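I have placed the structure first, in the form of structure tokens, so that the comments after it can refer back to it.
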Amino acid sequence: LAANHFPSPLHNNTLTVLPNGDVLAVGGVVWDVFTLTGDVQRWSANAWTPVAALPEPRHDHAATLLPDGRVLVNDGVGSAEVMLRTSFLYDPVANRWS
32 LAANHFPSPL HNNTLTVLPN GDVLAVGGVV WDVFTLTGDV QRWSANAWTP
82 VAALPEPRHD HAATLLPDGR VLVNDGVGSA EVMLRTSFLY DPVANRWS
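So my numbering is basically just the index in the sequence shown, starting at one, shifted up by 31.
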């Protein structure tokens, strides 16, 4: 992954390896401007590509690959450093959050 840097340096995001070997990078804080993001990028074919944005930006969250290939993102910290108690499911085939 180091050969092709993520478009914006992030911290407190998650990286999840999908069943096909792609990597999903979710949310976090943009390092150089310390801004919360809901951006989601997918590492595939040696490049990062933006996919559907997280409905509610967050950092310090959990991301879990489910047996059916979807990714569950829950909790974390939102804007104004408020603790979040919400969850979203990402479907990498449909590129959609629910």
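No residue lacks a Cβ here, since even glycine has one placed at the ideal position from N, Cα and C. None of the values given here were measured: they were computed from a predicted structure.
Residue i versus the options, residue with shortest Cα-Cα distance
i	options	result
THR117	PRO88, ARG101, ASP99, GLY100	PRO88
PRO123	VAL113, LEU67, ALA83	ALA83
THR47	ALA94, ALA125, LEU120	ALA94
Enclosing beta strand (DSSP E) for residue i [first to last residue]
i	result
SER75	66 to 75
THR142	Any question about residue 142 goes unanswered here, given that the chain covers just 32 to 129.
ALA93	93 to 96
Short Cβ contact (8 Å threshold) for residue i with residue j
i	j	result
VAL60	HIS90	yes
ASP63	PRO40	yes
LEU103	VAL57	no
Rounded straight-line distance, which links the Cα of residue j to that of residue i
i	j	result
ALA33	SER75	Reliability of the predicted coordinates at ALA33 is poor, the pLDDT of 42 falling under 50, and no value is obtained from them.
GLN72	GLU112	23 Å
SER110	THR66	9 Å
THR45	LEU115	16 Å
Buried or exposed by the 16-neighbour rule on C-beta atoms within 10 Å, applied to residue i
i	result
LEU97	exposed
GLY100	exposed
Residue i: CB within 7 Å of a non-hydrogen atom of the ligand COA
i	result
VAL102	For the ligand COA, the structure offers nothing, since it holds no ligand at all.
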